[in-house]
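See structure below.
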Amino acid sequence: MTEISRRALIAGATATAATTAFGSMLISPASLIAQPAPGAAVDPDKDAKVQFAKLSEALTGIDQSILTPNVDPFGMNAEVFAKAKAADASTLQTILNKFNGTAGGPPKSISQILGEDTKDESAKFLMRSIILAWYLGAWYAPQDLKKNFYSDKDPQHSYYSTRRYSKEVLIPHDVISPNAYTNCMVWRVAQAHPMGYSNLQFGYWGQEPPAAEMFIKPLPQDPPADPKKAVSK
Amino acid sequence: MIEVDRFALKFIGALGIVMLLCCMTLTTGRAAGRDMQQQVSGKPNSDDKTCTDIPLKNISEIDFGVIENTIDNAIRQGKNWIPCDANQESDPKGDTPAQKLQRGFDYYSWLTFIALNSPKGGFLGAGTPVWETYKQLPDVMLTDGRAPSDWSDPNQPVVPGPCANKKGMIIHMDMEETYNEPFKTGPLFDQNGNYAVFVIFMNRQMFGYIKDNNLYNREGQETFQDEVDFPEGNIGTGNLGAIMIKVSWKLMKQGVDFGEKITPKYHIIDGLLYRPKQKGDDACRQVKLGLIGFHVGHKTAQRQQWIWTTFEHHENVPTQEDVDKHTTAGPYSFYDPKCKPSDCPVNQVPLGPWDPDPLGWAPFPANPTFRSQIVRTGPSSGELFQDDDVAVLNKLFHDWKRIKGTVWEHYDLITTQWPSSFPCSFKKHPGSLPDPTCTPFPTFLANSTLETFSQPLHDGGVPLATSSCISCHNNATTNPTHHDPKSMAMRSDFTYILEKAHSIHESNAQENNK
């Protein structure tokens, strides 16, 4: 599933980028702190969000420490979780229970969960929405993904047809937030940056980008510094 | 954040050279009233190899007795007591990862503020703050591109002719950076109609790196082959590391801010407003300057993106929340509570010209052309951190017996910005990382006197446009000559200071055209 989704993602990213209004990129202070402070109301979804981060790692192939860093000014995990919960809370809970083994049985893999999916494939398309949200910073409703999913019976409306960029075939979606757009994973996977926003330093365009793995895996810890060598010049 | 607008560089450089070479007589030596001290090399000396770590249990249990003893011991031993790096709470109480870490940085910021504003070998108020003895930017990036003089303690500034035999810190009003804010966003005028003025300093380690590597002129930057990598502070080795400081000053009014029977609220110094286009005494007017803003950038081993501290005088501006709730408690230097919004729209700049000479500005004008009406618009610390940690920390330090009752109790830490992702922030040469900024936290930070017109809004900001120390300085580069067509600017390790370098040949060309 991940393979198919990733392939589709590149095309989807292009479409998303093309249709994204690149206007205000306000970063809300509400997202500056991902975790509640003492005295604040207890987040009823606190545990579910932790489980969701683990699930997201499995779905995206990107290390959890990248998706949910210790200090998380952007809080994308919470944003994607909120979208998924709003779309289909029941299915999301089922997926989380199975994946984390919190429903009595042992933890299950993504493929096992897909194998146990309901007839309407609600888990499959919700997980696909989650993958797209992480990669593109945009929310594609599961029902829209399903409607546009490849079908031999209706090749004209196949997402994979040559008409996939036409108005009637383009899958509707909303950019989740300016933060989600600039911090979504497609830029990392492509070793690139969104239009109009880059943290890369001067001259980067004339150099090889950092290795792809550096974008999606935690940076290696350095060996302890030799104090004698650490003395500055 | 510390230095101004990189895009202004070429214009300022060209204009500055013409103006300075045509209109000013440079005399190197000492300003009157300063004692010549022993000259030392630009390289770090033993002072830079000692720093004083004052661990933090947690901010609820700061032991000022321990702080006092540690500082007093350091002073007795002649040791530097500026922190070499930020520490974290050893016994943090619950809270979020961001909040716990932020507390350590804010504690570091207060210790740094106190140490830098204390004299060498003494505590606050006992003499000239140590940072005032550092090198000013114009004393390093000389307009003729020649090598700056060696480090001396205190600094021996390049004294323009009109300022010879006068006492005070030279304020180069001929440099746009002195009165215009970053990215040419505009000047700031106080309620007396005077400019707020800005000055940049660097410590010995930063200066030493620039001098030893010939980065003080554009030719030297062209031949420099390495990646710019300033010395880093390191608690383990006791190395202080590179520190740069940008301050903002307000002109003090006699009878109001200082004088007989007046208890000063500001740290006040003698200043010399150098304006080479003016004649007579106006070419170097002696004034009293009060400290209103204080930025520190400090490179450390664990924060290769530098740690960014910002303080302000308590009476600079109200917050937007104060204004909305009608709880302003002036007087303010840059806000008039009595002026209606329709008459005094907030956070606006005047129409040009902004330069003091064409504007015809003189200190304390009888009929000011403009008074800034400024409010702090960003989220308060209470909104960022639910316990309002910064306000708590400010009160703790204000109430400390060594600060209570001094001018320093009127200075507030706004907060500290630091790279929050690690091991990312430990990595040397951040330019090779996917995100060289290593996720600055808080995302935005502005001083209302130094980034007045690029403050975050209450509900956020615009990346790369709203003030963020690390994100902005991540774009800083060198400014080499291009004798070799392949030479190009390089990243400059989070400082715009290197962009201010001049060329020897530009200077020679000016001489030949005379």
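Chains A and B are the protein sequences, given in the same order.
Using the numbering used here, the letters of the first sequence map in sequence onto residues 8 to 240.
Using the numbering used here, the letters of the second sequence map in sequence onto residues 27 to 540.
Backbone N, C-alpha and C fix where the C-beta goes; we use that ideal spot for every residue, glycine too.
Please read these numbers as outputs of a predicted model, since none were measured by experiment.
When rounded, the separation of the alpha-carbon atoms in P394/B and C495/B is 32 Å. Counting of Cβ neighbours within 10 angstroms places F139/B among the buried residues, the total reaching 16 or more. In chain order, N206 make up the part of chain A whose C-beta sits under 7 Å from the C-beta of D461/B. Around F222/A, the beta-carbon contacts reaching into chain B at under 8 Å are P460. CA-to-CA, the gap between P344/B and S359/B works out to about 10 Å. The C-alpha of Q443/B lies about 43 Å from the C-alpha of K305/B.
According to the DSSP assignment, L127/B belongs to the alpha helix (DSSP H) that extends over 123-143. Within the segment 78-104 of chain B, the complete alpha helix (DSSP H) segments at least 4 residues long are 90-102, listed from N- to C-terminus. Among the CB atoms of chain A, one or more fall inside 7 Å of the CB of F467/B. Taken residue by residue, none of the segment 370-396 of chain B has a beta-carbon sitting less than 7 Å from a beta-carbon on chain A. Taking each of P379/B, Q346/B, R428/B in turn and checking the Cα distance to I400/B, the smallest one comes out for Q346/B.
In the three-state DSSP reduction, Y437/B falls in the strand class (E or B). Look at L168/B here: in three-state DSSP terms it is coil, with no helix or strand label.
Residue pairing for A145/A: DSSP places it in a beta bridge opposite V182/A. Only buried fits R311/B, as 16 or more other CB atoms lie within 10 angstroms of its CB.
Where H424/B is concerned, the enclosing alpha helix (DSSP H) starts and stops at 415-425.
When the five nearest sequence neighbours on each side are left out, the beta carbons in the same chain lying within less than 7 Å of the beta carbon of A94/A are those of L133, S136, A148, P149, in order along the chain. Secondary structure at Y300/B: strand, using DSSP grouped into helix, strand and coil.
Contact between the segment 271-285 of chain B and the segment 214-233 of chain B is present: three or more C-beta pairs spanning the two stretches fall below 8 Å.
Counting C-beta atoms within 10 angstroms of its own C-beta, K237/B has 16 or more neighbours from the protein chains shown and is therefore classed as buried.
Look at W212/A here: in three-state DSSP terms it is helix. At a cut-off of 7 Å between beta carbons, F88/A makes no contact with chain B.
Burial state of W275/B is buried, judged by a 10 Å Cβ sphere holding 16 or more other Cβ atoms. Here the alpha carbon of T98/A sits roughly 13 Å from the alpha carbon of A110/A. Shown in chain order are the members of the segment 438-460 of chain B whose Cβ falls below 7 Å from a Cβ of chain A: S446, S447, P449, C450, F452, K453, G457, S458, L459, P460. In terms of CA proximity to D381/B, E203/B leads the group E203/B, N181/B, T122/B. Exclusion of the five residues before and after I288/B leaves G281, V282 as the residues of its chain whose Cβ lies within less than 8 Å of its Cβ. In terms of beta-carbon proximity, V196/A stays away from the interface with chain B, with every pair separated by 7 Å or more. DSSP, reduced to helix, strand and coil, places C310/B within a strand of the structure shown. If the five residues before and after D151/A are omitted, its C-beta is found closer than 7 Å to the C-beta atoms of I178, P179, all from its own chain and listed in chain order. Segment contact: the segment 496-511 of chain B against the segment 145-164 of chain B, fewer than three CB-CB distances shorter than 8 Å; contact not assigned. Between the segment 447-460 of chain B and the segment 364-373 of chain B, the count of Cβ pairs shorter than 8 Å is below three; the stretches do not touch. The beta carbon of P213/B is closer than 6 Å to those of Y205, N206, Y221, W380 in its chain, skipping five residues each way along the sequence.
For M221/A, the uninterrupted alpha helix (DSSP H) segment begins and ends at 219-223. Excluding sequence positions up to five before and after P216/A, its CB lies within less than 6 Å of the CB of Q198, all in the same chain and listed in chain order. For I288/B, there is no enclosing alpha helix (DSSP H), as DSSP gives it neither H nor E.
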